[in-house]
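> So the sequences go chain by chain: S and P. For the first sequence, counting from 1, position 24 maps to 10 in my numbering; every step adds exactly one. Remember, my numbering sits 527 above the position in the second sequence when you count from 1. Yeah, the Cβ is synthetic: ideal placement off N, Cα and C, and Gly gets one too. One structure, pasted below without further comment.
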Amino acid sequence: GAGVSQSPRYKVAKRGQDVALRCDPISGHVSLFWYQQALGQGPEFLTYFQNEAQLDKSGLPSDRFFAERPEGSVSTLKIQRTQQEDSAVYLCASSSEGRQPQHFGDGTRLSIL
Amino acid sequence: SQQGEEDPQALSIQEGENATMNCSYKTSINNLQWYRQNSGRGLVHLILIRSNEREKHSGRLRVTLDTSKKSSSLLITASRAADTASYFCATDDIDNDMRFGAGTRLTVKP
């Protein structure tokens, strides 16, 4: 379909490993967002791109988290030296302009052992 | 940190009944949105209400906003089993940060 696509859907990693999560936004969408959703909670904002520019990264919990969108389309969220508290669902969303409405992917469920 | 608080945390009703969920928030906002999330899936945008609006309708959905009380409600009329999901409010505040509440888990029994 033409929705937001995230891969992988599930990722299991050992503590200390690096992981990379991919987001393919809806074609032509300028804005892209990453969220972290803990079990039973609402999504928490991580970072926001407008085209290739990362305009807001205030939600990234530590310097182990890094996001990029080099060509203004696909985005990658990288987590270095993963820790157990990084276990969560990572959601990506895109919008055609501004911040809403946002179209969400189905997320990547990350489990750190 | 999360801005909104949904109430109740969980709601179970029979098909055909109405479901009302409430959301309270803390800061001044530009608009408030409601999203729905089925288990294991992403969020789906339902409706947006701007800070200068008091009520909005979309199909079986009715949203109200009271900025003086910093609260909103989502009413789903004539509920169906397929409405079973988690519902989140999200506020777009004046700093352009979008914050979600913890959600209401709605179960509609057939």
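Going by DSSP in three states, Asp4 of chain S sits in which element: helix, strand or coil?
Stepping through the first sequence from its first residue, residue 4 of chain S is reached at position 18. Asp4 of chain S: coil per DSSP, three-state reduction.
> Between the segment 46 to 55 of chain S and the segment 63 to 82 of chain S, do at least 3 Cβ pairs fall closer than 8 Å?
The segment 46 to 55 of chain S vs the segment 63 to 82 of chain S: in contact.
> Bridge partners of Lys(-3) of chain S, per DSSP?
Against the first sequence, residue -3 of chain S aligns to sequence position 11. Per DSSP, S:Leu96.
> Give a yes or no on whether the minimum CB-CB distance between Arg577 of chain P and chain S is below 7 Å.
Here residue 577 of chain P refers to the residue found at position 50 when the second sequence is read from its first residue. No, because no Cβ of chain S sits closer than 7 Å to the Cβ of Arg577 of chain P.
> Any Cβ of chain S within less than 7 Å of the Cβ of Met548 of chain P?
Translated into positions along the second sequence, residue 548 of chain P becomes position 21. Closer than 7 Å: no.
> Of all the residues that make up the segment 72 to 87 of chain S, which are near chain P by a beta-carbon distance shorter than 8 Å?
Cβ contacts with chain P come from Leu77, Ala79, Arg85, Gln86 and Pro87.
> Note down, in chain order, each residue of its chain lying with its Cβ closer than 7 Å to the Cβ of Arg8 of chain S, except the 5 sequence neighbours on either side.
Locating residue 8 of chain S in the first sequence gives position 22, where the first residue counts as 1. Answer for Arg8 of chain S: Gln(-8), Ser(-7), Val60 and Thr62, listed in chain order.
> Compute the Euclidean distance between the alpha carbons of Gly2 of chain S and Asp72 of chain S, then round it to the nearest angstrom.
Looking up residue 2 of chain S in the first sequence gives position 16. Looking up residue 72 of chain S in the first sequence gives position 86. Straight-line Cα distance between these residues: approximately 11 Å.
> Can you grab the Cα-Cα spacing for the pair Phe19 of chain S / Pro29 of chain S, in whole Å?
Residue 19 of chain S sits at position 33 when you count from the first residue of the first sequence. Residue 29 of chain S sits at position 43 when you count from the first residue of the first sequence. Each residue's alpha carbon lies about 11 Å from the other.
> Which residues bound the beta strand (DSSP E) around His584 of chain P?
Working through the second sequence from its first residue, we reach residue 584 of chain P at position 57. Its beta strand (DSSP E) spans residues Glu582 to Ser585.
> Does the beta-carbon of Glu57 of chain S have 16 or more other beta-carbons within 10 angstroms, so that it is buried, or is it exposed?
Counting from one through the first sequence, the residue named residue 57 of chain S turns up at place 71. Exposed is the call here.
> Are there 16 or more other CB atoms within 10 angstroms of the CB of Gly630 of chain P, so buried, or fewer, so exposed?
Taking the first residue of the second sequence as position 1, residue 630 of chain P is located at position 103. Answer is buried; the Cβ neighbour count reaches 16.
> Candidates P:Tyr552, P:Leu601 and P:Ile603: which alpha carbon is nearest Arg626 of chain P's?
Counted from its first residue, the second sequence places residue 626 of chain P at position 99. For Arg626 of chain P, the nearest C-alpha among the options comes from P:Tyr552.
> Can you tell me which residues form a DSSP beta bridge with Lys636 of chain P?
Taking the first residue of the second sequence as position 1, residue 636 of chain P is located at position 109. Lys636 of chain P pairs with P:Gln541.
> Output yes or no for whether 7 Å exceeds the beta carbon distance between Asn565 of chain P and Arg577 of chain P.
Looking up residue 565 of chain P in the second sequence gives position 38. Looking up residue 577 of chain P in the second sequence gives position 50. Not in contact: Asn565 of chain P and Arg577 of chain P (Cβ atoms no closer than 7 Å).
> Is Gln70 of chain S helix, strand or coil when you go by DSSP?
The sequence position of residue 70 of chain S within the first sequence is 84, counting from 1. Three-state result, Gln70 of chain S: helix.
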